[in-house]
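Residue numbers (my numbering): -8 to 441.
Have a look at this one:
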């Protein structure tokens, strides 16, 4: 019983010599084989339905999956109990894995038909699936043999690294590296079969039925029955996901007495905060009189609550004329003690480690820059100082991880003369040649900067 691609009993997936090719060669040339038993780390629907066309002449397929049971063992230890297995929990884990596989598989009619074929095979008894309740099984074993398997009939054992998945079988164009060994000696195949029977018996209470699988499928998009309106709403939610207001457990959108907010301001807080986290900075740009100071303060408070009060330091940079406005607004929102305030002409104080009135530059997590268009020229001392402060890595990241500071640029006129103005301001929170803005990997090339 030899593979059409390779006469060696050791094979990888190089040059098309994959596990799926091995199955094709064996099953097409050995019609006496009626059984396939498999022990795998996980089962993927993508693996089963690709293998299914080769199983027409197989009477029985038994698949044993080794779910990670460490968490259940740990729970038992913490509760001071002996661990004897976690039948229902392990079974639920397996069904959850299958649902997750279906959701991330990517739709095609062939794949959908293959998934429902698995349900029919479970109904007919052609396939049986169990998950082991008490052992963490890493082995990958495939045993093929006839009804009357004995020392005079031919059986086959494949063991190695391949799980029953598209990647494990070697189906994707960019296959991962697999290493498998094929054994045909009766003693080897028989030993593996006895081991399988023992494990199979231990898993008798963790069998996946057709009804179990059908119920899991009905909890995915394959259930069908989605109305055009529901599909439209889902599309809007996906497309505008960064604008959907999440639950605000920290009450950062609460407004102090004496302030009035409008829907556009609340929307700006949600969208601005998402952009702050996604791109490490953003422009809050609107005409004079629409409450940019309040919006920026609400975003700062939201960042403070999400990152942790004791882990957050904020720097507010502004022209001298609006100093009192910023300090009063931060005080009214209850976050002034987490911030330092400095005029845009005094930034060298932040870089002076001997300066006692300010925290050191690396300690700030969030920087607000009012009238940011004043920093449009990269040749000024003020720009160089602000860029050094903004680009200096954070030293005490809180709940919002990452070494980069977050930067909010506030301006009614972010670009005054040429694209170079806005380019220089973006440099305060982006690396020009490793840009993370959608569709712009090289900011210098995108804006045609020298």
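We put the CB at the ideal spot given by N, CA and C, even for glycine. This one's a predicted model, so the numbers in the text were calculated from it and none came from an experiment.
Which two residues bound the contiguous beta strand (DSSP E) that contains residue i?
i, result
"residue 361", "357 to 361"
"residue 406", "First-last for residue 406: undefined, no H or E at that position."
"residue 20", "Unbroken run through residue 20 is the alpha helix (DSSP H), 10 to 20; no beta strand (DSSP E)."
"residue 171", "170 to 174"
"residue 28", "24 to 31"
"residue 442", "In the structure as shown, the chain begins at -8 and stops at 441. Residue 442 is therefore absent and cannot be evaluated."
"residue 122", "118 to 122"
"residue 336", "Residue 336 -> no beta strand (DSSP E), and no H or E assigned at all."
"residue 1", "1 to 3"
"residue 274", "272 to 276"
"residue 56", "51 to 56"
On a CA-only basis, which of the options is nearest residue i? Give me that one, please.
i, options, result
"residue 359", "396, 350, 368 and 391", "396"
"residue 330", "270, 47, 248 and 305", "305"
"residue 52", "195, 298 and 28", "28"
"residue 90", "146, 26, 205 and 362", "205"
"residue 379", "421, 403 and 348", "421"
"residue 285", "103, 299 and 321", "321"
"residue 247", "376, 211, 209 and 324", "324"
"residue 168", "431, 407, 5 and 185", "5"
"residue 31", "109, 129, 107 and 16", "129"
"residue 196", "24, 122, 419 and 370", "122"
"residue 279", "218, 361 and 269", "361"
"residue 334", "377, 344 and 299", "377"
"residue 408", "368, 105, 430 and 385", "368"
"residue 176", "158, 140, 211 and 157", "140"
"residue 106", "227, 201, 219 and 277", "201"
"residue 152", "347, 414, 2 and 110", "2"
"residue 14", "159, 245, 430 and 431", "159"
"residue 438", "425, 411, 419 and 162", "411"
"residue 209", "245, 192, 103 and 187", "103"
"residue 0", "245, 179 and 432", "179"
Within its chain, find whatever has a CB closer than 7 angstroms to the CB of residue i; leave out the 5 residues flanking it on each side and keep chain order.
i, result
"residue 318", "327 and 332"
"residue 287", "275, 359, 399 and 401"
"residue 416", "363, 366, 367, 400 and 405"
"residue 142", "177"
"residue 138", "25"
"residue 162", "11 and 41"
"residue 344", "351"
"residue 111", "none"
"residue 371", "none"
Mind checking whether residue i and residue j have CB atoms under 8 angstroms apart?
i, j, result
"residue 55", "residue 190", "yes"
"residue 357", "residue 312", "no"
"residue 148", "residue 194", "no"
"residue 295", "residue 199", "no"
"residue 253", "residue 293", "no"
"residue 136", "residue 146", "yes"
"residue 390", "residue 266", "no"
"residue 423", "residue 435", "yes"
"residue 50", "residue 25", "yes"
"residue 282", "residue 256", "yes"
"residue 336", "residue 388", "no"
"residue 109", "residue 223", "no"
"residue 272", "residue 419", "yes"
Between which two residues does the alpha helix (DSSP H) containing residue i stretch?
i, result
"residue 372", "372 to 382"
"residue 139", "Where residue 139 is concerned, there is no enclosing alpha helix (DSSP H), given that its DSSP letter is neither H nor E."
"residue 325", "Residue 325 -> no alpha helix (DSSP H), and no H or E assigned at all."
"residue 306", "Element bounds for residue 306: not the alpha helix (DSSP H) but the beta strand (DSSP E), 305 to 309."
"residue 298", "283 to 298"
"residue 350", "Where residue 350 is concerned, there is no enclosing alpha helix (DSSP H), given that its DSSP letter is neither H nor E."
"residue 131", "First-last for residue 131: undefined, no H or E at that position."
"residue 183", "177 to 193"
Going along the chain, which residues of its own chain have a beta-carbon closer than 8 angstroms to the beta-carbon of residue i, five neighbours each way excluded?
i, result
"residue 455", "Here the chain comprises residues numbered -8 to 441, so residue 455 is not present and cannot be evaluated."
"residue 342", "352, 376, 379 and 380"
"residue 150", "130, 131, 132, 133, 171, 172, 174 and 183"
"residue 62", "Its pLDDT being 48, under 50, residue 62 is placed unreliably in this model, and the coordinates cannot settle the point."
"residue 113", "119, 120, 199, 200, 201 and 204"
"residue 340", "333, 346, 348 and 349"
"residue 18", "24, 45, 46, 48, 49 and 135"
Would you grab the beta carbon distance between residue i and residue j for me? Rounded to a whole angstrom, and I think it's under 8 angstroms.
i, j, result
"residue 383", "residue 363", "At roughly 18 angstroms, the Cβ-Cβ gap does not stay under 8 angstroms, so residue 383 and residue 363 are not in contact."
"residue 41", "residue 11", "7 angstroms"
"residue 33", "residue 154", "6 angstroms"
"residue 308", "residue 354", "No, residue 308 and residue 354 are not in contact; Cβ-Cβ is about 15 angstroms, not under 8 angstroms."
"residue 427", "residue 220", "Not a contact, Cβ separation roughly 35 angstroms."
"residue 260", "residue 289", "5 angstroms"
Just checking residue i against the ligand MG - is the residue's beta carbon closer than 7 angstroms to any of the ligand's heavy atoms?
i, result
"residue 380", "Among the components of this structure there are no ligands whatsoever, and the ligand MG is therefore not found."
Enumerate in chain order the residues of its own chain whose CB-to-CB distance from residue i is below 6 angstroms, with the five nearest sequence positions on each side excluded.
i, result
"residue 207", "86, 89 and 90"
"residue 433", "424"
"residue 475", "With the chain covering -8 to 441 only, the question about residue 475 has no answer from this structure."
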